[in-house]
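For reference, the structure is listed below as structure tokens.
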Amino acid sequence: DRSEQLNELVKETDWFGPGSRIIVTTRDRHLLVSHGIDLVYKVKCLPKKEALQLFSHYAFRGEIITPSGFREASAQAINYASGLPLALRVLGSFLYRRSQSEWESTLARLETYPHSDIMEVLRVSYDGLDEQDKAIFLYISCFYNMKHVDYVTRLLSICGYAAEIGITVLTEKSLIVISNGCIKMHDLLEQMGRELVRQQAVTKPSDRLFLWESQDICDLLSENSGTQLVEGMSLNLSEIPEVFVSERAFEGFANLKLLNFYDLSYDGETRVHLPNGLSYLPRKLRYLRWDGYPLQTLPSRFHPEFLVELCMSNSYLEKLWNGIQPLRNLKKMDLSRCKYLIEIPDLSKATNLEELNLSYCQSLVEVTPSIKNLQRLSCFYLTNCIQLKNIPSGTALKSLETVGMSGCSSLMHFPEISWNTRRLYLNGTKIEELPSSISRLSCLVELDMSDCKSLRTLPSSV
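Heads up, the sequence shown is in this note's numbering, so the first residue is 2 and it goes up one at a time.
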């Protein structure tokens, strides 16, 4: 797996006689590419039929048919191995001549803890990574397996990693694959990555780099026992009934960069309770997502100078904060479905903001005039803001490409917008007329004005 090895062994083709066939095996695809080897074959995992044959060869030694009492357990073992010959061989050998109850106990343990022999072999490729790529591998195994590659690249970059080259390196070393735009990591590699993080502090989750287990997170937040060692925290809110969080719960997490409280099946119920409010959020946060955030405002001691993405959909927010915050790194703000949101803060310092989503903010009456300072804003969504009557003037931002105001049933006036706008959705609004400048939108490819019942006329230039 080192370049000098290949140079010493097969540097020149004239070292070999006519008809020679040279097969090079490696964990690193780029090693082959850098030596001009074009015919690369990636060894695939075994399909289930062959996997069963290999597993049975080691588990039953000579038995042609799987014994009836072990068929279900054998199927579990094969699913766990996911076609990896190494795992099938190790598991089969370990389970040979063990009782049915020992099989069940082993398979139950493997759901949480990987087999040491399997982990030892799989870890070789991980150990060969540099420190940045190791961190990216751990991020993916703990948080981002089966996520879209663009999404993962963006979030890793937010946290300060050279994500694009890191993901390429992991792909070349077969630690991940990219399929249909998604990052896929083998189940056993994912389990190994999570075990490496767990082993950082076996009995003390607060001393681990990442937290993803619901019970660990709930315990730390309710007991106010966080530490500065934690860099990322991701909690699936649909996995917990409810948790009561201390007012000072995040004060120990001084180095937290990623806070992701997500609920993909939000049903309107608040699962995270803050009976005494929340006094603090870490200033080093790069990514903050908290679906259904239960308070009316963010903590006064939160200074989001490093924040790149803020996503607070379905929250109980009425406003984010008072005054002007240093938001020079903020690129995305998603406050969609915050039905109690009354006002948007002054965004004059958010000069790098690219996406602003205020859709379904049913109590929002006006938009801050400071949006005229958002010279990099490309997407602006106000869908179904039913109380919104006007959009501030000065929104003809050169960068603005998509404007969504569908269902803004009280919106009567529409301002001048950028000639770079490509998509404009005004359907279901109360707009009576369009500005004459709309005819100069030379980049416009989509315009929806259906169900605009108050529209009297179109500009003659259209």
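Glycine included, each C-beta is placed from N, C-alpha and C at the ideal position.
Residue i - DSSP class collapsed to helix/strand/coil
{"i": "M120", "result": "helix"}
{"i": "T403", "result": "strand"}
{"i": "V178", "result": "strand"}
{"i": "I79", "result": "helix"}
{"i": "V244", "result": "strand"}
{"i": "G233", "result": "strand"}
{"i": "Y152", "result": "helix"}
{"i": "V41", "result": "coil"}
{"i": "R110", "result": "helix"}
{"i": "D292", "result": "coil"}
{"i": "L389", "result": "coil"}
{"i": "F17", "result": "coil"}
{"i": "D452", "result": "coil"}
{"i": "E73", "result": "helix"}
{"i": "L459", "result": "coil"}
{"i": "E5", "result": "helix"}
{"i": "F61", "result": "coil"}
Residue i, buried or exposed, once every other Cβ within 10 Å from all chains shown has been counted against 16
{"i": "E191", "result": "buried"}
{"i": "G93", "result": "buried"}
{"i": "E232", "result": "buried"}
{"i": "K399", "result": "exposed"}
{"i": "N277", "result": "exposed"}
{"i": "R249", "result": "exposed"}
{"i": "V44", "result": "exposed"}
{"i": "H274", "result": "exposed"}
{"i": "S21", "result": "exposed"}
{"i": "C444", "result": "exposed"}
{"i": "G167", "result": "buried"}
{"i": "S314", "result": "buried"}
{"i": "L342", "result": "buried"}
{"i": "I23", "result": "exposed"}
{"i": "S57", "result": "buried"}
{"i": "M147", "result": "exposed"}
{"i": "D39", "result": "exposed"}
{"i": "G70", "result": "exposed"}
{"i": "Y114", "result": "exposed"}
{"i": "P206", "result": "buried"}
{"i": "F17", "result": "exposed"}
{"i": "Y152", "result": "exposed"}
{"i": "Y42", "result": "exposed"}
{"i": "I66", "result": "exposed"}
{"i": "R28", "result": "exposed"}
{"i": "K49", "result": "exposed"}
{"i": "V290", "result": "This sequence places Arg at residue 290; Val is not what is there. Buried: at least 16 other Cβ atoms inside 10 Å."}
Same chain, Cβ closer than 8 Å to residue i, neighbours up to 5 away in sequence not counted
{"i": "H304", "result": "R284, Q326, P327"}
{"i": "K340", "result": "Y361, C362, Q363, S364"}
{"i": "Q376", "result": "T352, L398, K399, S400"}
{"i": "Q101", "result": "G70, F71, A74"}
{"i": "A163", "result": "Q133"}
Proximity below 8 Å, CB of residue i to CB of residue j
{"i": "K390", "j": "L359", "result": "no"}
{"i": "I119", "j": "L189", "result": "yes"}
{"i": "L176", "j": "S126", "result": "yes"}
{"i": "L331", "j": "A351", "result": "yes"}
{"i": "M450", "j": "N428", "result": "yes"}
{"i": "C160", "j": "W213", "result": "no"}
{"i": "L85", "j": "H187", "result": "yes"}
{"i": "Y281", "j": "N261", "result": "no"}
{"i": "G253", "j": "S223", "result": "no"}
{"i": "D347", "j": "S316", "result": "no"}
{"i": "D208", "j": "Q201", "result": "yes"}
{"i": "L128", "j": "V170", "result": "Here residue 128 is Asp; the residue named in the question, Leu, does not match the sequence. No, the pair does not count as a contact, with Cβ atoms beyond the cut-off."}
{"i": "D220", "j": "S239", "result": "no"}
{"i": "T172", "j": "E165", "result": "no"}
{"i": "V366", "j": "P393", "result": "no"}
{"i": "V25", "j": "V11", "result": "yes"}
{"i": "L111", "j": "Y81", "result": "yes"}
{"i": "N374", "j": "S349", "result": "yes"}
{"i": "F211", "j": "L139", "result": "yes"}
Beta-carbon contacts of residue i that lie in its chain and below 7 Å, excluding the five residues immediately before and after
{"i": "T271", "result": "G293, P295"}
{"i": "Y59", "result": "R90, G93, S94, Y97"}
{"i": "L279", "result": "E248, L296, P300"}
{"i": "E433", "result": "M413, S455, L456, R457"}
{"i": "E344", "result": "K320"}
{"i": "R195", "result": "S142, C143"}
Contact set for residue i: own chain, Cβ-Cβ below 6 Å, skip 5 residues either direction
{"i": "M334", "result": "L311, L357"}
{"i": "S1", "result": "Given that the chain is displayed from residue 2 to residue 463, the structure contains no residue 1 and the question cannot be resolved."}
{"i": "G408", "result": "T384, N385, G429"}
{"i": "P436", "result": "E417"}
Check your understanding: Enumerated in chain order, which unbroken segments of the alpha helix (DSSP H) with a length of 4 residues or greater are wholly contained in the segment 318-379?
Key -> List check, alpha helix (DSSP H) in window: nothing returned.
Practice item. Ignoring anything shorter than 3 residues or poking outside the segment 248-320, list the beta strand (DSSP E) runs there in chain order. Key: Runs of the beta strand (DSSP E) inside the segment 248-320: 259-263, 288-291, 310-312.
Practice item. Counting only runs of 4+ residues fully inside the segment 162-210, write out the alpha helix (DSSP H) ranges in chain order. Key: Within the segment 162-210, the complete alpha helix (DSSP H) runs of at least 4 residues are 164-173, 188-199.
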